[in-house]
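For what it's worth, this note's numbering labels the leading residue of the sequence shown as 29, then goes sequentially.
Where is the CB? At the ideal position from N, CA and C, for every residue including glycine.
The block underneath contains the structure these notes are about, expressed in structure tokens.
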Amino acid sequence: MSRRPLVPLSIFLILGILVRIPDAFLIALLTWLLLLLLRKNLILYLCFIAIGSLLVELHSYKEPDHIQSFCERKGTLIGTISSYPVIYPERCYFLLSAERFDNHKVSGHIWVSLPHSNYSYLERIRLDSVRIKEKKPFNNPGAFRKSYDKVNNRIFVWDRDQIERLGKGKGNPLLFLAYKIREKAEFIIKETVAEPYSSFLMGVVLGDESGISKELKEAFIETGTIHILVVSGMNLGILAWFFFVCFKGMGLGRKSSSLIIIFFLFLFTLITGASPPVLRAFVMTTTYPF
């Protein structure tokens with residue numbers, strides 16, 4: 029086993045995921061060659077390849093009572109908000125964890141668009157007389173997609189009378205903490221920084237692009253700096269470097285400081301919505317110390 033065992037284990041986990049992609053002959057060949065070169069821990073590496081393939085299988089599995097089975101049907105939907113709501117001046121978007129559709133107990137997530145209001149994570153809502161539509165993707169094939177784009181069904185609600193708020197539901201307490209921190213951060217930024225700088229700051233720090241004006245986006249596109257407006261691995265790298273310098277100055281050891289830094293980076297990843305670039309940077313940062 030290498031001095032940094034998590035690095036080869038992460039590589040074989042990723043290969044196990046990639047092997048399940050259709051027409052992944054070159055990936056399978058690369059996996060086989062690596063196994064020939066690293067025969068010392070063959071069983072362990074094979075286990076991580078199997079885990080990666082199993083994760084793909086579990087992700088693609090749809091239960092018989094999945095909300096997707098009710099596509100194009102009209103009825104009453106009850107569920108719990110399972111993502112951080114993105115609020116625009118006129119509309120609000122979030123993922124809803126479906127619980128019941130009419131008299132049927134259902135599972136799965138659905139993309140919801142409602143009239144503007146201050147909804148929050150884990151809030152339960154009831155939507156009357158709504159039709160579940162199939163969400164057609166507009167992105168390029170193979171491109172990274174946001175969490176909303178990975179859900180194949182959607183609901184649009186235009187009348188506020190169709191919405192009933194049912195109180196707080198159950199969910200992930202760690203995500204609840206992360207989103208509460210994000211709400212507090214958004215409040216502080218809006219109260220202390222004037223527009224359009226507050227919207228710019230929320231995009232750079234929290235990954236919230238909803239308040240950034242079209243003119244500002246076009247200005248960054250023209251200058252080739254549009255990547256600055258979104259949270260990426262660069263933000264995570266700067267944060268990791270800042271904590272590392274601080275803990276080193278405090279005299280903390282490498283292992284101890286690495287564990288603390290990983291916790292803060294994980295919390296930051298959740299706060300910003302765990303976009304693919306941030307997740308990728310988090311995995312790479314956390315595998316390096318070990």
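Residue j beta carbon less than 8 angstroms from that of residue i
i               : j                 : result
glycine 235     : glycine 301       : yes
serine 260      : proline 305       : yes
phenylalanine 6 : phenylalanine 292 : Residue 6 cannot be examined here, being either before or after the span of the chain that is shown, 29 to 318.
arginine 210    : isoleucine 299    : yes
threonine 313   : leucine 264       : yes
Residue closest to residue i, alpha-carbon to alpha-carbon, out of the options
i              : options                           : result
serine 148     : Tyr116, Leu264 and Tyr112         : Tyr112
proline 117    : Phe296, Pro143, Val221 and Ile138 : Pro143
leucine 123    : Ser135, Thr108 and Ile115         : Thr108
serine 97      : Ile160, Ile42 and Leu72           : Ile160
leucine 244    : Leu287, Ser226 and Val233         : Ser226
arginine 152   : Lys133, His132, Ile183 and Glu192 : Glu192
serine 241     : His137, Leu295, Phe294 and Leu257 : Leu257
methionine 262 : Ser286, Leu307 and Gly279         : Leu307
asparagine 146 : Ile249, Glu100 and Phe215         : Phe215
serine 81      : Leu41, Thr313 and Glu250          : Leu41
First through last residue of the beta strand (DSSP E) which encompasses residue i
i              : result
tryptophan 139 : 137-143
isoleucine 109 : 102-109
lysine 69      : It is asparagine, not lysine, that sits at residue 69 in the sequence shown. From DSSP, asparagine 69 is part of no beta strand (DSSP E); its letter is neither H nor E.
Residue i - containing alpha helix (DSSP H), residue span
i              : result
isoleucine 322 : What is shown of the chain runs 29 to 318, which leaves residue 322 out entirely.
arginine 282   : 282-299
isoleucine 249 : 242-250
valine 232     : 225-234
glutamate 237  : Here glutamate 237 belongs to no alpha helix (DSSP H), and DSSP marks it neither H nor E.
alanine 206    : 201-220
Presumed contact (8 angstroms Cβ cut-off) between residue i and residue j, rounded CB distance
i              : j              : result
leucine 155    : leucine 105    : 5 angstroms
serine 110     : serine 125     : 4 angstroms
serine 157     : isoleucine 95  : Actually they do not touch by this definition, with Cβ atoms about 16 angstroms apart.
isoleucine 217 : isoleucine 183 : That belief does not hold up - the Cβ atoms of isoleucine 217 and isoleucine 183 are roughly 30 angstroms apart, past 8 angstroms.
DSSP bridge partner residues for residue i (one or two, in chain order)
i            : result
serine 125   : Thr108 and His137
leucine 155  : Leu105 and Ile191
cysteine 120 : Ile115 and Leu142
lysine 161   : Arg182
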